[in-house]
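**Q**
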Amino acid sequence: MSNEEWFPLIDEQGKVIGKATRRECHNGSKLLHPVVHLHILNPDGELYLQKRSMSKDIQPGKWDTAVGGHVDYGESIEEALTREVREELGITRFTPHPLITYIFESAREREMVNAFCTCYDGPITIDPVEIDDGRYWPLDEIRRTLGQGIFTPNFEQEFRRIEPQLLQFLGEIQKR
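Start counting the sequence shown at 4; every next residue gets the next number (the working numbering).
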């Protein structure tokens, strides 16, 4: 039995229509598969970003969404989000709020991104294999740094899409 990772293949409505290996999904086949992203805001309105490990084959050393990962075959979006947040940042208690679901396509793959946000200011323990660094960024610093090759292209385009929702979420947090 191999240790091969299996991902669900989905249609454009997110319905599972099959399965394929990680390698098959990332070899340029453009097989549509689901992923999860979590954007973490602290009560001061700063957004946590991770610096991708230099050993990554895609976008090494660039700053990216706090958590991003694949949904495994047989796993729900919520289960994948909980697992990825625990694996990457050591966070076990958080309340996810759905932001957006969209299809992202690169030269190598096609993913349905399920993006969430949460407010969190507890301890973070980064996975040193996956992540080189992590910190909270003020939103205006992110805006000033866009387009300079510091962030992953996927993070930049997603941030532009969700920034209004993040600001609305932040306003709700700060009213409490």
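From the three backbone atoms N, C-alpha and C, an ideal C-beta is built for every residue, glycine too.
#1: Going along the chain, which unbroken runs of the beta strand (DSSP E) with 3 or more residues stay wholly within the segment 82-147?
#2: Output the boundary residues of the alpha helix (DSSP H) element that contains Phe230.
#3: Should the segment 151-166 be regarded as contacting the segment 130-137, the criterion being three or more beta carbon pairs within less than 8 Å?
#4: So the beta strand (DSSP E) Glu27 belongs to, where does it begin and stop?
#5: Who are the Cβ neighbours of Val38 in its own chain at under 6 Å, not counting the five residues just before and after it?
#6: Given Glu153, which residues of its chain have a CB within under 8 Å of its CB, disregarding the five upstream and five downstream residues?
#7: By Cβ distance, which residues of its chain are closer than 6 Å to Val19, with the 5 residues on each side in sequence left out?
**A** Reading off the structure:
#1: 100-108, 113-122, 134-141
#2: As displayed, the chain neither begins before 4 nor continues past 179, which places residue 230 out of reach and without an answer.
#3: no
#4: Along the sequence shown, one-based indexing puts residue 27 at 24. Looking at the DSSP string, Glu27 is not in any beta strand (DSSP E); the run it does join, the alpha helix (DSSP H), is 25-28.
#5: To locate residue 38, count along the sequence shown from 1; it is residue 35. So the list reads His73, Glu114, Val116, once near-sequence residues are dropped.
#6: Locating residue 153 in the sequence shown gives position 150, where the first residue counts as 1. Glu is not the amino acid found at residue 153; the sequence shown has Ile there. Taken in chain order, the residues that qualify are Lys65, Trp66.
#7: Within the sequence shown, numbered from 1, the residue matching residue 19 stands at position 16. Closer than 6 Å at Cβ, skipping near neighbours: Pro11, Ile13.
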